[in-house]
Each structure stands twice: as structure tokens, then as C-alpha cells.
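If you count the sequence shown from 1, position 21 lands on 31 in the numbering used here, and the numbers rise without skipping.
Even for Gly, the Cβ is constructed at its ideal location relative to N, Cα and C.
Being a predicted model, the structure only gives us computed values, none of them experimental.
Taking it in order: structure first as C-alpha cells, then the write-up.
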Amino acid sequence: QQRSFTMIQGMFSDDFLIRALLEPLLPHGPGICVLGRLAVCNTLWRDTVDSAARQATKRRCPLATPLLTRPYLAHWALISILEKSSEALEVVNQALNTDDDADSCALPRLSCALARQAVNDLTDRCPVCQTCPTARVLGADGPLQLLPLQRRLLRRLAFDAGATRGGVHLAQQAVSKALAQRSPALREVLLDVAELLNLRAYARTYVSSRPRVLSELEEALCHAAHAMECPEELSEPEGALTPLRGIVRARLLLGRTLSSAAHSLALSYMQGAARDRLLSRWGSPQKMFELAEEQLRCAIAEVSDLFSEGILYAALGECFFCQASAARESPNHACKHCLKYFRHAFRCLQQAGQADSIQFADALKDYGKVLKCGVLAESNAAAGERALRRALHTHRRLLGSDHPCTRNVCRLLDGSDDTDSASDWQVPTAVEEET
């Protein structure tokens, strides 16, 4: 058997494999299963296949990093898992970087364009049968052991790199698997979808009345509410994937999605059947704001560390900003609470040593938006712009210029893209208290 594999390796050169990899129909059906079986059956053949994948990826996208070639091998292995191959599962473990060691913290940042391509590779339909081949593995009937890997892949491609639109499909496949197989991670998987859809809403900068946007708002709220109803025995054990977990994370996302939906309802952007459904379940926009505030305050009472407290106070500040901008008369009460909670969030995050984190930058972006927005009695455009520029600097450094969150901050700065001027970044470490 060893001799036959060596002979096969000699017969099929790297050039042949490159042509095969670029063949449009090969990533579906028997061809991909053959490659998957060969890749996991013999170390020499696996190395040859991996080498060919690297060359093919470089030809298709010269900017691709070595990490980006690995999902191709993972894709083959995922399909070959249909044959219940334990070796294939091990290949997937390696290909998706599951180790929580120091090396995983130093992974190169993926560009948004390359992340979108990777998501498309995992979610595109086959042109022959019009189905998504990987859904058989990543979806309801796939191996439950892959669910933690799917969540890590979603975090890296959608949240960290910014492929949020395609990432929704990956997240929905994980939900279907967790529901069908009653996974203990059900609550966290539901919250992944709610968080991603909520991120898409916040990254749009402005409230929208487009049907797809309103549908995403409703879906995010539905998943967050469902997560709150999950019994405790289905909660995921402690992990490092998100800073908040369990009931606290559920309260945070229910509060945030309620605020977004209530804001859209109060401003009459949400109309038709979707509006009727939300009002029937949740009542008036004011009741939704009150419930959002209640959930966030309960979550604050349930945490004991400053990092979590800072994240939750920032969400509470955003909740009051939504109330203030939706108020038709005298929004001063909501305005004062909004600024107070943002400032408290900054103090918590600074004391927790998180002043250079993406959570601090997100809160600073919202705070700058509040000060720059004319709806607030305490609006201060100059201070707001300083906060936004510091947030933009951190977003660019941690997420990259093409990430949707970074582009959102640019829009709030009226399209400013100046990062070369040193004066733009001379912002004090301590957040200024505006009076």
C-alpha cells in the first residue's frame, strides 16, 4: 500500500493538482472526496496536496498568507468526514487553529476581502446541484465535534476580519446543528448570530428602512430572546472565545438588540408585518427600552470584574443614546444618563487595563458620536471628533482599514481618512470629562 501511494504521488505532479484545484466543479462530489481520502491516508501525499494548495492559492490571490491556504485542506477534510474518518477530523483540528497557545495569539490578521473569499468557499452553492456541499458537515446533520471549531472560524472570519454578511450563513448553520443535536453550546451559538447581526446594524452608522436590514434586526432580537430561554444545563462551559458568557452575555445582547429594534420602531423605520410582530410580543418602544435597561442593569449586578462591567456600562450608555435620539420631546434625562454611563465605562475599562482594547475603542466611538450629535444638550463637536479619531486609530490597528467597524468610524468623521497627521492621534489617555 505504501508503494502504491508513492507511485501515485510520482504520477500526479503539483502542476496537475494545481489544475485540478482550479477546476470549478471539483470542490463538489466524488472528486473532492478522493482528494480528502488521499490527503488523510498518507503523510507524503498529504504534504503534496498541501503544497499544491499553497501554490494554487498564491496564483489566485498573491496577497494570501500561508494561513489562508489551510482552509482549502480543511474543506477537503470536511467533506471526507462524511465517511467518518478520524484522521480527517484531526486535519480539521489543525487546519482551523484550535490550540489556545501563544502562537494562536500571533496569527496574522486577515484582510476583509480574503476573509469574504474564505466564507464564500464554505457557503457557496454547487452550480450542478444548487446545494451547499459543506452544509452537510457544518449544518444540522454534521458532526457535533466540529461545533467549537465552527465557532472559532466564525469569530476569526466574521468578527475579527469583517466578513459579516457571509458570516451570518456560517452562524446559522451552527445554530441548526446545535438545535438539531441539542448541543450544550446552544445558548452561545444563538448569541453568536445575535451578536453578528447586531454588529452589522451598528456598523451601518444610520438607521435603515431596507427590508433586509429590518429582517436582520428582528432575527437578532429573536435569537437573543431564545438564548435567554435556554435552560442552565445547556449553557456552555467556561471558554475564552468571548469576554462575556452564559446568562450575562445573553442579557447584554438582549439589551442591545431590544434597544436597536425599539429605536427603529420609535422612528417609524420598522413597518408592516415585522412591526406588528414586535409590538405584539414586546409592547411599545418605550417598554422595549425599559426592558433593555433592566436586562443590562441585572447583568451589571451579576459580574464582579471591571472589564465585564465596562462592556455592560457602555451598552447601557448606548441604550440611553437610542432613547434620546428617538425621543420627540425633552431628551435631556436620557442624554445625561447616556454620558454618565459612557464615562463610567471608560473608567472601568482603564482600571482593568483594557484602554487599548477593541471594546474600549467601540465605546469611544459611541461616546464620540454622542458628543458630535446635535440631538444632545451636552453635544461638543470638537471633543466628539477627538474621541472618534482615537477610536479610528485603534480600529485601524486592531481590525484593519477595510473592516466594517473601521469604515463606520470613518463615516462618523465625515469620510476623513487622515491617519498620517500626528495631531490627530495626540489624544490624552484619560478620557476628558466634557461639561
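Asked	Found
Reduced DSSP category for Leu-277 - H, G, I as helix; E, B as strand; rest coil	coil
Whole-angstrom distance between Ala-184 and Asn-130, CA atom to CA atom	16 Å
DSSP-derived helix/strand/coil call for Ser-225	helix
Coil, strand or helix - Gly-149 by DSSP	coil
Coil, strand or helix - Leu-254 by DSSP	coil
CB contact check: Leu-251 to chain B, cutoff 9 Å	Within the model displayed, chain B is absent; a lone protein chain is all it includes.
Proximity of Leu-306 and Val-313 at Cβ, strictly below 9 Å	no
Val-185 - containing alpha helix (DSSP H), residue span	174-190
Backbone CA spacing between Gly-425 and Arg-417 [nearest angstrom]	9 Å
Residues near Ile-310 in its chain [Cβ-Cβ closer than 8 Å; skip 5 each side]	Glu-319, Leu-322, Tyr-323 and Leu-326
Length of the line joining the Cα atoms of Tyr-212 and Asp-151	33 Å
Closest Cα partner of Lys-382 within the set Val-419, Arg-261, Cys-240 and Ala-125	Val-419
Distance between beta carbons of His-405 and Ala-371, contact taken as under 8 Å	5 Å
Range covered by the alpha helix (DSSP H) that runs through Val-217	Counting along the chain, Val-217 falls outside any alpha helix (DSSP H), and DSSP gives it neither H nor E.
Collapsed DSSP secondary structure at Gly-363 in the structure displayed	coil
Inside the region 294-349 only - alpha helix (DSSP H) runs reaching at least 4 residues	295-312 and 316-336
Beta-carbon contacts of Gln-369 that lie in its chain and below 6 Å, excluding the five residues immediately before and after	Ile-321
Selection from Cys-240, Gln-281, Gln-333 and Leu-374 that minimises the alpha carbon distance to His-403	Leu-374
Residue environment, Lys-297, which counts as buried when at least 16 other CB atoms sit within 10 Å	exposed
Member of Leu-207, Glu-328 and Leu-408 whose CA lies at the smallest distance from the CA of Ser-367	Leu-408
Own chain partners of Gly-177 with C-beta closer than 8 Å, once the 5 adjacent residues on each side are dropped	Val-129, Leu-164, Leu-167, Ala-168, Phe-169 and Leu-206
Glu-328 classed as buried or exposed, judged by whether at least 16 other C-beta atoms fall within 10 angstroms	buried
Pairwise C-alpha distance: Lys-350 and Arg-357	11 Å
Whether Gly-378 touches Leu-359 by CB criterion (9 Å)	no
Counted within 10 angstroms of its Cβ, other Cβ atoms place Asn-208 as buried (16 or more) or exposed	buried
Best match in Ser-411, Gly-410, Leu-423 and Cys-415 for proximity to Gly-393 [C-alpha to C-alpha]	Residue identity check: residue 393 is Ala in the sequence provided, not Gly. If we check each option's Cα against that of Ala-393, Leu-423 comes out closest.
Beta-carbon proximity of Phe-331 to Val-380, cut-off 9 Å	yes
Rounded separation between Thr-445 and Gly-363 - CA only	In this predicted model, Thr-445 has a pLDDT of only 38, less than 50, meaning its place in the structure is not dependable enough to derive any value.
Reference Thr-267, options Ser-294, Val-223, Asp-286 and Glu-228, closest by Cα	Glu-228
Inter-residue spacing [alpha-carbon to alpha-carbon] between His-273 and Pro-153	40 Å
Run of the alpha helix (DSSP H) containing Pro-4, from where it starts to where it stops	In the structure displayed, the chain extends from 11 to 445; residue 4 sits before or after that span and is not available.
Where Asn-208 sits in the DSSP three-state scheme	helix
DSSP state of Ala-284 mapped onto helix, strand, coil	helix
Rounded separation between Ser-219 and Gln-361 - CA only	40 Å
Range covered by the alpha helix (DSSP H) that runs through Arg-406	391-409
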